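In our numbering, each residue carries its 1-based index in the sequence shown increased by 10.
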Amino acid sequence: MSAIALKTVGSFPVRRMDYQFNHMPRYWCNDESTFTHFFTALSLLFPEGESYFVRSVRALRSQIKDNVQLDKDIGLFIGQEAMHSKEHHAFHVSAQQFNLDPESLEKVTGVILKAIEKVAGKKFNLLVTVGLEHYTAVLVATMMTSTNELMRDETIRNLWLWHSVEESEHKAVAFDLYQHIYGSGVNAYLSRVAVYTFSLIMITIMSNAFMVVLMKRDKQLFNFQSWKKFAAFGAKEYKIFFPKFLQYYRPSFHPNDIDESELVAKTKIKIGII
Ligand SMILES: [Fe+2]
Ligand SMILES: [Fe+2]
11 MSAIALKTVG
21 SFPVRRMDYQ
31 FNHMPRYWCN
41 DESTFTHFFT
51 ALSLLFPEGE
61 SYFVRSVRAL
71 RSQIKDNVQL
81 DKDIGLFIGQ
91 EAMHSKEHHA
101 FHVSAQQFNL
111 DPESLEKVTG
121 VILKAIEKVA
131 GKKFNLLVTV
141 GLEHYTAVLV
151 ATMMTSTNEL
161 MRDETIRNLW
171 LWHSVEESEH
181 KAVAFDLYQH
191 IYGSGVNAYL
201 SRVAVYTFSL
211 IMITIMSNAF
221 MVVLMKRDKQ
231 LFNFQSWKKF
241 AAFGAKEYKI
251 FFPKFLQYYR
261 PSFHPNDIDE
271 SELVAKTKIK
281 IGII
């Protein structure tokens with residue numbers, strides 16, 4: 011694996027990564043099928059999901075050319091998300107060795123998102139991105155703090171930590187684009203929280219449905235012991251996530267209200283990236 015900072019013209023770099031996942035263990039998360047399939051399910055949303063984020067931001071980029079810094083950050087956001095799509099897709103290709111056909115679920119994600127994109131307007135698509143960037147920012151803080159320790163394979167752990175660092179670095183870009191174009195008045199606020207609620211429901215249904223499909227394909231659906239351990243983990247995590255998810259409903263919310271710079275700095279040292 012190598013990491014090269016390609017560009018640092020804006021607020022954060024775009025790193026070129028090339029992880030090799032050939033030797034991954036079957037149950038790389040907590041030695042458990044439930045944990046492994048939950049995080050694989052989440053990962054299966056990324057290649058198509060992050061391409062959708064890129065398209066949603068690109069569709070409105072021309073409207074903020076007067077803001078040079080934001081325009082540069084959008085370029086870097088696109089660079090980072092494109093690299094996340096590529097690396098998570100590579101991970102799914104390697105995971106095919108366990109005959110669970112994860113790529114088929116990646117394709118399902120693409121079909122659903124393209125259908126939404128077709129019927130929804132540019133503002134709606136951007137707001138799905140803004141909302142899910144907050145969802146992701148909440149998840150990655152816990153990933154960097156503790157969840158990464160459950161990852162038994164170093165390469166997979168580094169994939170999640172690198173992605174976490176970059177999600178934290180660019181968490182405000184889509185939000186700033188939205189505010190720059192649509193402002194922060196009552197209408198902008200109501201649209202923002204309505205689409206966020208829709209997006210949270212959508213990602214929860216999709217990630218859980220994909221997890222169940224993977225468990226079924228792996229003949230682990232009735233592994234109640236593993237489900238029990240995962241339920242205890244999920245309940246503990248959601249106690250942390252839930253109040254953070256709710257922060258987005260504050261009218262004055264901004265992603266940078268939450269400072270994770272120290273956590274990001276420590277994680278970069280841990281996985282050896284700049
Ligand atoms: Fe990403
Ligand atoms: Fe992101």
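C-beta atoms are modelled at their ideal positions from N, C-alpha and C, and glycine is treated no differently.
All figures in this text were calculated on a predicted structure; none of them were measured in a lab.
Decide if the stretch 196–210 is in contact with the stretch 270–280; the criterion is three or more beta carbon pairs, one per stretch, under 8 Å apart.
-> no
Runs of alpha helix (DSSP H) lying entirely within the stretch 151–198, each at least 4 residues, in chain order = 164–179, 183–192
Cβ neighbours of Tyr37 in the same chain (closer than 7 Å, five flanking residues each side left out) = Ser43, Thr46
Mind the definition here: the stretch 255–270 touches the stretch 146–155 only if three or more C-beta pairs lie below 8 Å; say whether that holds.
-> yes
Contact set for Leu306: own chain, Cβ-Cβ below 7 Å, skip 5 residues either direction | Residue 306 lies beyond the residue range present for the chain, which begins at 11 and ends at 284; the question has no answer from this structure.
Could you check how far apart the C-beta atoms of Phe49 and Cys39 are, in whole angstroms? I think they sit under 8 Å.
-> 5 Å
How far does the alpha helix (DSSP H) with Phe252 in it reach, from first residue to last?
-> 234–256
Any idea if Thr119 is buried or exposed, counting beta-carbon neighbours within 10 angstroms, 16 or more meaning buried?
-> buried
Note down the Cα distance separating Ser104 from Ile284, rounded to an integer number of angstroms.
-> 27 Å
Would you mind stating whether Phe22 and Glu179 have Cβ atoms separated by less than 8 Å?
-> yes
Contact between the stretch 243–258 and the stretch 51–58: three or more CB pairs below 8 Å?
-> no
What's the call for Phe220, buried or exposed, on a 16-neighbour Cβ count within 10 Å?
-> buried
Is Glu58 near ligand 1, judged by its Cβ being under 7 Å from some heavy atom?
-> no
Would you kindly check if the distance between the Cβ of Leu110 and the Cβ of Leu224 is under 8 Å?
-> yes
Can you have a look at Thr139 and say buried or exposed, based on whether 16 or more other CB atoms are within 10 angstroms of its CB?
-> buried
Length of the line joining the Cα atoms of Ser217 and Phe251 = 16 Å
When burial is assigned at 16 or more other CB atoms within 10 Å of the CB, is Ile215 buried or exposed?
-> exposed
Ignore the nearest five residues each way along the sequence and tell me which others in Lys239's own chain have a CB closer than 8 Å to its CB.
-> Asn40, Glu42, Thr44, Phe45
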